[in-house]
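Going by my numbering, the letters in the sequence shown line up with residues 16 to 155, in that order. Ideal Cβ positions, reconstructed from N, Cα and C, are used throughout, including at glycine. Note that this is a predicted model, so its numbers are computed, not measured. What follows is a set of notes on a single structure, which appears directly below.
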Amino acid sequence: MGYLIWSILAALIWGIVPLIEKIGLAKIDPLVGLFYRCLGVLIGITALGIFFLKPQEIKSVDLRSAVLIVTAGIFASVIAQICFYNGLKLGEVSKVVPIAGSFPLISFILGVFFLGESLNPVKLVGVSLIIAGIWALKIS
Numbered sequence: 016m017g018y019l020i021w022s023i024l025a026a027l028i029w030g031i032v033p034l035i036e037k038i039g040l041a042k043i044d045p046l047v048g049l050f051y052r053c054l055g056v057l058i059g060i061t062a063l064g065i066f067f068l069k070p071q072e073i074k075s076v077d078l079r080s081a082v083l084i085v086t087a088g089i090f091a092s093v094i095a096q097i098c099f100y101n102g103l104k105l106g107e108v109s110k111v112v113p114i115a116g117s118f119p120l121i122s123f124i125l126g127v128f129f130l131g132e133s134l135n136p137v138k139l140v141g142v143s144l145i146i147a148g149i150w151a152l153k154i155s
């Protein structure tokens, strides 16, 4: 499968999951919800390790790469998820998800400044649309 199909599948799954999470958080604390979400991740990653990864592939990763990816996991899967679940518990899915999902804007800006990625008029239009969308959701 090409990148487009994988990207569409990710978007579909990421679009469905917050609805499941919002319903699941209705009667529980967000931290308890995060615990159970991580339990799901643990089950999934265990299956991945058993059925798809070879021990030599895991051992071949250099220390720097491993530390960076583990750090990213802590930030994205724990810290940001706590923020997201608290927002989801308190707000409407239709507002929380698009605002939290505006992370590509932050990634874009950081990519330009820290990774030297290109900036062009088409990308600036996209960034403007993201900002306009966040603003529109905030005032609605």
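### Query
Helix or strand or just coil, what does DSSP make of residue 101?
On the sequence shown, position 86 is the one that residue 101 refers to. If DSSP states are grouped into helix, strand and coil, residue 101 belongs with the helices.
#### Entry: Terminal residues of the alpha helix (DSSP H) in which residue 128 lies
Numbered from 1 along the sequence shown, position 113 holds the residue referred to as residue 128. Taken as a continuous stretch (DSSP letters only), the alpha helix (DSSP H) holding residue 128 covers 118-130.
### Query
Taking C-alpha atoms, which residue in 124, 54 and 112 lies nearest to residue 28?
By 1-based counting over the sequence shown, the position of residue 28 is 13. Comparing Cα-Cα distances from residue 28 to each of 124, 54 and 112, the minimum goes to 112.
### Query
Is the beta carbon of residue 91 less than 8 angstroms from the beta carbon of residue 102?
Start at 1 with the first residue of the sequence shown, and residue 91 comes out as number 76. Start at 1 with the first residue of the sequence shown, and residue 102 comes out as number 87. In this structure, residue 102 does not lie closer than 8 angstroms to residue 91 by Cβ.
#### Entry: Three-state secondary structure (DSSP) of residue 75
In the sequence shown, the residue the question calls residue 75 occupies position 60. Residue state, collapsed to three classes: coil.
### Query
Do the stretch 40-47 and the stretch 94-109 touch if we need at least three Cβ pairs shorter than 8 angstroms?
yes
### Task
Measuring alpha carbon to alpha carbon, tell me which of 154, 88 and 110 ends up nearest residue 56.
Start at 1 with the first residue of the sequence shown, and residue 56 comes out as number 41. Measuring from the Cα of residue 56, the nearest candidate turns out to be 88.
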